[in-house]
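Notes to accompany the following structure.
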Amino acid sequence: MCTTELTDFPEEKCVVFDEFKHFDEVMAHIHAIHKVTEDVSSEELAEQDLKRIFDFYQEQPHLLDPYLERLISECISIIRSSTDRPKAFHFAFRLLYLMVKTRGYKSVIRLMPHSVDDIEPTISLLVSQDIGDPETWKTRYVLLLWLSILTMIPFSLECLDSPNEIPIVERVLKQSKIYLSRDERTQEAASFLLARLVTRPDVIQVHLQPVVTWCIEQMHTADCSTVHGQAVTCGMLRVLANICKVGLRKELLPVANTILKAVISLPSNVDKGNLIHRLEAKLVQRVGLLFCPPRSTGWQYQRGCRSLADNLAPRLLQETPDNIEVTTSDNAQPTTMTTKLDPKPEQEEEEFELEYVDEVAEVIDRLIHLLRNQYTVVRWSAAKGLGRMCNRLGSSMVSDVLAALLALCTRLEPFTAWHGACLALAELGRRSLLLPSKLPEASQLVIPVVLRALFYDERSGDHNYGSNVRDAACYVCWAFARAYRAQDFSPYVNRVASALILVSLFDREVNVRRAAAAAFQENVGRQGQFPHGIDIITTCDYFALRNRTNCFLELSVFVAQFGDYTRPMIDHVTKELLSHWDGSIRFLAARTLNLLYPFEKEYMLQTILPELIAKSTDGPLYAKQGNIFGTAELIAAAKGTPLDESILLGIKAIVSTLSSHNQLRGLSGELLRKAVCHLIQQCSLANTPFHEDPVIEDWRVFLDDCLSHKEVEIRAAAASAYPSLLSTYLYASDGTLRTDYRDNIYAHLVHQLNANTETILSGYLQVLGQSPASLFEGNVARTIELLATASRITPKSRNWGEARQNSLKALVGICMELGSQHPELNAVVLQSIGNVLLRALSDYTVDSRGDIGSLVREVGMKCLEQYLGFLVTSGAAEIIQPSLVQDALCGIVQQAVEKIDRTRAVAGQAFAAILHHDPPIPHIPYSDQLKKLFPREECDSTMWRSAQQTFRKFVPLLDLPEFRFRLVLGLSVSVGGLTEDTVLCSSEALTSHLLLHESDKVFVEEFLCVVLQVFETFCHEERIIVPYFKFIDFLLNDPVISSITDRESPILVRLVDLIWEETKSSKEVLRIKSAIDVLGGMLQFEGTVRTRASKLLLVLLGHRYPVIRKSAATKLYECLIVYELVDPEATDEVVVLLTETIWESNLDTIRPIRNKVSELLGLPAPVPMDRKLTADPSVLANGEAGDTRG
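Under numbering that gives the first Met the number 0, the residue at position 30 of the sequence shown is numbered 29, and the numbers go up by one with no gaps.
As structure tokens, this is what we get:
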């Protein structure tokens, strides 16, 4: 039965099972092995299905346990009966490997047959395998594991040797050594097998020393700079590590020192790879454990009984037993409850003699050295090894180890040392080896080091290091929660809780935030004394912490309501995050200060704000920018609160101080400029009392300079700050308008519209679009005209797409700022704005960046939507003309079926917004029909960016005559485009719609008339011509068009003539080849159309470009096969001429053949023309081919 479902699909889609649901299915596959392996495809499908089944149980492999024995037994039966059928044989082993991979080799091998009779056959099977076959390595892997359990039989292996045969031990040793140099997983199984073999009681005395010696020799002779050398070294290290793991201590001690010296003498070069380093760490710790006899250490810390009920004391106050002690805080609310257990006091260890002191010291020194390793897995292995070693040592030696670990956590050590030390501290804590006396807040004891590690961040060039150190520090805090009693850990609760809260809310990395939250939750549950722990962990959970912005701006505000954390959060944001190396963190930190202001107003104003202002002009670059951001946000938060004169003077001095020190120039100045713009904006919005102060003019000049800056972000920041400055400081402190100052500012802004660069023009257009209405009094019509002029395409401004976008936004922005009732915003002005916005939908400017006009069109559609909505909402609907609404909708519909996904998305949203606007926009043609085609609910859920959905919705508008012209124009670009998905979806939508009119001749004729009309209108536009040729070719191949269209249709004749007019003088190969396809499609229509198209194809057979001649011949041949162009008796001869002629030959050779084809087709041969005698170049056929139509 499935307990957790994701969907309503079959049970395989479930996440969690409560039993092995696929047992019968797997058994069926096993029984069908012989059958499925007869066919390669069936074998692959069966193996894929088995992989899919076992993948479901990777997270819960224990569910296989009740069924493993039978599954293994069935596979072994298949193996024993398939020795002469290799496919079935290897398939069964691959199935066994899937079981090993899912459940683990230890669980599987104990269920494999391990009788005496299985030893010889298994060895023979292993010997017979091709070690060089990469397809059968799973077979060899499972055979090696099988042998590892067979070698554990409780009989002497010598008793099983056959006469005159190599002993079993020798054969197994030989096979194991072969696979130890392989770089596959077989190496793991071989090392495990060899370790089990040589540690047998009847083998160890003879073979242990030689095997160890051989491994050491192989390690020292291997070249770790090569792949093979690394594989050999890994194999030897695996064997030695497994020997030290499975062998008895007393039997391995004689060789332990030899192994230790060998592994320590290995070269320390970093090119060995992380696997060798990890195996080295594993071997060192296992050898070290041989030198330390297991013993019970009485000095270890005793946690005693651990009860969740004790930790959740407030819920159990009604039933407090006598042996439970309740601790209350100052406000008489119960906070903790601990069990009275009379724990053992810390006591000195009993004296004992450690026989191998030097060796143990060398092992510990090596492990501490490995804590600095560059590979995380190596540091993790070394940390666990240190924990295991210290578990067998005395208190004084563990204290020495602790001192060495803390020495790794200094500013002189790299981040790897910090990470390794934190992992080791966590391992010591988990094993109760850190006594409470080692925790106090002295500078070199544990808690201070852990707290520093929680905020560790090391900057190096463009990168930073430290996220894994912070993560490991969270692990230490998690381990401490499980290790100590509440009363022993209580002195450090406030500092640890605050630090974990700060990391979980404000760390840059999501994995660190979640690790800190997990540590906090563990402490809340086990310590029971973290302030407001339950309230915090229920809100700041795993999923809430995934979004950094949510942590800074939402969760921090929630936590700040608990006074224990408010001040630490403010201090951390101010002192650490505002100077963070990541700019986004600095800005989020500043916004966080704004949100935290209500919780500590006096502290913020009296302490934090003066510090920020002082640091805004002094210190590192990042700190200065962050402090300026912080100053701006605190000023915004304190809006309405009188500020001290010293604070106001400090704010005014920021820009002048930075400018006098030349800190607003260069790359560093770019960061500060953005921050200063933000400061000016927030000061303006907060109505800071700088009215008529000279600093306002300094700020305005600064913003003017930023508006002409090359960086887009700086221009955007200045354009956002400028209107705020004007909105506040165009007025005097008493609220009266400063008319003279206003007029000077307006004249300055208008003058900048004559700028010779796009950046300056674009910036000032943004300013005008957001400026207050009082700026335009008496100059509304002039301003609108200037903005309309800026939106036009001129030779100078052709590539200024951004400026045109901003001019459109400014037009709508000024209208909405002034309001439709403004006396200067009359009907003529408003209607002129609508015409300007409509003109933007025809902007198809292309430069080296691509279709920059698409961005203008998108802004134009958005502005049209806002403009029409503004007029209707403000009660000026009578100004809207029917032609404006119709042209706007038609233009938007065209954009909705064009080739750019982003543009289609904007068009779809704008069309739906206009159609369903509330209050309704008047004069929408076919309003009721459109609302049926575009219901509001579907519009809200439609993905307009999806070509499949958008074309399907808009193509039916072909039935409405008003939309037909623009729809055909847009569809021609999509159907004749290059993007496969767009071409496919648009073609399918158009084909489906034409099928609905397969018997409607009137519709087809009207549709073709529109196609001709569009072609005549746009035939000279380069962006249209080639896609339009492809579009016409698509229509000619459509069964509805080809079956209904009249054979002598004048539309087709006119299309042929237009195509030739646009092709005959062209040297563009793609255009000519597209025209050839259209002319070929025209041959299906008998009569005048076929005759004209055939003549033009014959002309192209003599084109100057060989590729064109070949394309024309190919197309003519295809048409000749499909349509009856000539008499049946002449068909074969024409086919031979078209297919066997080498059309890449010179024209003198080609023309007679072309003339022969003309004769067979019953058409006059094209007449060669002399260019020198022809004054009109249009008479020449197709760009110097030298032929006419005859």
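Quick reminder that beta carbons are idealized off the backbone N, C-alpha and C, glycines included.
Asked                                                                                                                                                                  : Found
What does the alpha-carbon distance come out to for the pair residue 765 and residue 460?                                                                              : 36 Å
Please report the distance separating the alpha-carbon of residue 430 from that of residue 386.                                                                        : 7 Å
Would you mind sorting residue 791 into buried or exposed? The rule is 16 or more other CB atoms within 10 Å of its CB.                                                : exposed
Distance, Cα to Cα, residue 1106 vs residue 954?                                                                                                                       : 36 Å
Terminal residues of the continuous beta strand (DSSP E) containing residue 457?                                                                                       : 457 to 459
Note down, in chain order, each residue of its chain lying with its Cβ closer than 7 Å to the Cβ of residue 925, except the 5 sequence neighbours on either side.      : 959
Are the region 228 to 246 and the region 266 to 284 touching by the rule of at least three beta carbon pairs closer than 8 Å?                                          : yes
Skipping 5 residues on each side, what residues in its chain have a beta carbon closer than 7 Å to that of residue 195?                                                : 147, 150, 151, 245
Three-state secondary structure (DSSP) at residue 821?                                                                                                                 : coil
Taking only runs that begin and end inside the region 1120 to 1151, name each unbroken alpha helix (DSSP H) of 4 or more residues, in chain order.                     : 1127 to 1139
Could you tell me which residues DSSP pairs with residue 736 in its beta bridges?                                                                                      : 730
What does a CB cutoff of less than 6 Å around residue 815 pick up in its chain, not counting 5 residues either side in sequence?                                       : 869
Just reading off the alpha helix (DSSP H) that residue 753 is part of, what are its end residues?                                                                      : Here residue 753 belongs to no alpha helix (DSSP H), and DSSP marks it neither H nor E.
Measuring CB to CB, does residue 1256 end up less than 8 Å from residue 531?                                                                                           : As displayed, the chain neither begins before 0 nor continues past 1189, which places residue 1256 out of reach and without an answer.
When the Cβ atoms of the region 202 to 214 are set against those of the region 253 to 261, are three or more pairs found closer than 8 Å?                              : yes
Can you find the residues in the same chain that come closer than 7 Å, C-beta to C-beta, to residue 674, ignoring five residues on each side of it along the sequence? : 624, 627, 628
Determine the direct distance from the alpha carbon of residue 28 to that of residue 49, and round the result to whole angstroms.                                      : 8 Å
Quick check on the DSSP output: the alpha helix (DSSP H) that includes residue 992 runs from which residue to which?                                                   : 979 to 994
Would residue 732 and residue 771 qualify as a contact pair, given that the criterion is a beta-carbon distance under 8 Å?                                             : no
If you draw a straight line from the C-alpha of residue 511 to the C-alpha of residue 891, how long is it?                                                             : 48 Å
Ignoring anything shorter than 4 residues or poking outside the region 368 to 415, list the alpha helix (DSSP H) runs there in chain order.                            : 375 to 389, 394 to 406
Are residue 213 and residue 183 touching if we call contact CB-CB under 8 Å?                                                                                           : no
Name the two residues that bound the continuous beta strand (DSSP E) containing residue 462.                                                                           : 462 to 464
Taking C-alpha atoms, which residue in 888, 992, 1062, 502 lies nearest to residue 1039?                                                                               : 992
Take the Cβ of residue 825 as the centre, count every other Cβ of all protein chains shown within 10 Å, and call the residue buried at 16 or more, exposed below.      : exposed
On the DSSP bridge list, what partners appear for residue 849?                                                                                                         : 846
What residue from 730, 391, 258, 654 has the CA that sits closest to residue 691's CA?                                                                                 : 730
Looking at the structure shown, is residue 1246 part of a helix, part of a strand, or coil, going by DSSP?                                                             : Residue 1246 lies beyond the stretch modelled for the chain, which goes from 0 to 1189, so this question has no answer here.
Out of curiosity, what's the CA-to-CA distance linking residue 331 and residue 292?                                                                                    : Confidence at residue 331 is low in this model, with a pLDDT of 36, below 50, so the placement of that residue is unreliable and no value is reported for it.
Quick check on residue 538: does DSSP put it in helix, strand or coil?                                                                                                 : helix
Measure the alpha-carbon distance for residue 319 versus residue 549 and round it to whole angstroms.                                                                  : Because residue 319 carries a pLDDT of 42, less than 50, the predicted location of this residue cannot be relied on, and no value is offered for it.
Considering just the uninterrupted stretch of the alpha helix (DSSP H) at residue 218, what are its terminal residues?                                                 : 203 to 220
Check each candidate in 63, 862, 1046 and name the one with the smallest Cα separation from residue 98.                                                                : 63
May I have a chain-ordered list of the alpha helix (DSSP H) segments no shorter than 4 residues that lie completely inside the region 1017 to 1089?                    : 1021 to 1036, 1038 to 1043, 1049 to 1060, 1068 to 1081
Alpha carbon to alpha carbon, how far is residue 763 from residue 786? Give it in angstroms, no decimals.                                                              : 11 Å
Residue 165: buried (16+ other C-beta within 10 angstroms of its C-beta) or exposed?                                                                                   : exposed
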